[in-house]
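Here's the structure we're looking at; comments come further down.
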Amino acid sequence: YKVIDFLSDTETKLLYLLKENLSEKYAILVKVRLSEFLYSTQPEGSECFYTEFQSVNLVTIPFGIFDTLTRKLVGVIFLNENGLEGQLLLEQHGVICEGIGALKDALLSEKLEVFMK
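Positions in the sequence shown are counted from 1; adding 2 to them yields the numbering used here.
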């Protein structure tokens with residue numbers, strides 16, 4: 003095996019920026035599968051369950067904002083150049099999704115303002 007960089011230079015800078023500026027009740031989760039936050043309501047073992055699970059298990063959250071008090075995913079930040087698969091599904095469940103073109107956009111975003119110090 004070869005050890006690889008987990009985050010790009012830009013992603014590392016974004017992680018640091020968020021770590022320094024988010025309110026204390028929030029934690030940043032990086033590159034986590036959507037299936038950690040959304041679980042199928044279909045009967046376990048059924049074809050519908052499997053299909054729903056696969057659809058969310060294939061989506062990786064680039065930067066998740068996790069509320070440590072409610073223990074829920076409340077926001078997702080992604081780089082515009084990469085897009086965000088599953089954005090509509092997340093927004094339907096009340097998760098704020100925000101794409102950024104530059105690092106400063108994370109601090110200037112009105113959507114993300116609610117999470118900042």
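Backbone N, C-alpha and C fix where the C-beta goes; we use that ideal spot for every residue, glycine too. Small disclaimer: the values here were computed from a predicted structure and weren't measured.
- Straight-line measurement puts the Cα of residue 21 at about 8 Å from the Cα of residue 29.
- The straight-line gap separating the alpha-carbon atoms of residue 107 and residue 18 is approximately 14 Å.
- If you ignore the 5 residues before and after residue 34, its C-beta comes within less than 8 Å of the C-beta of 62, 63, 66, all in its own chain and listed in chain order.
- Remark: C-beta atoms of residue 36 and residue 117 do not approach each other more closely than 8 Å.
- Between residue 99 and residue 78, the C-beta spacing is below 8 Å.
- Boundaries of the alpha helix (DSSP H) harbouring residue 58: 49 to 59, taken from the DSSP string.
- Contact check for residue 68 and residue 31: beta-carbon distance about 5 Å, within the 8 Å limit, so the pair qualifies.
- Shortest Cα-Cα distance from residue 16 to any of 112, 115, 103, 119 involves 103.
- In the structure shown, residue 8 adopts coil according to DSSP, grouped into three states.
- Going by DSSP, residue 113 is part of no beta strand (DSSP E) at all; its letter is neither H nor E.
- Residue pairing of residue 29 in beta bridges, as defined by DSSP: 68.
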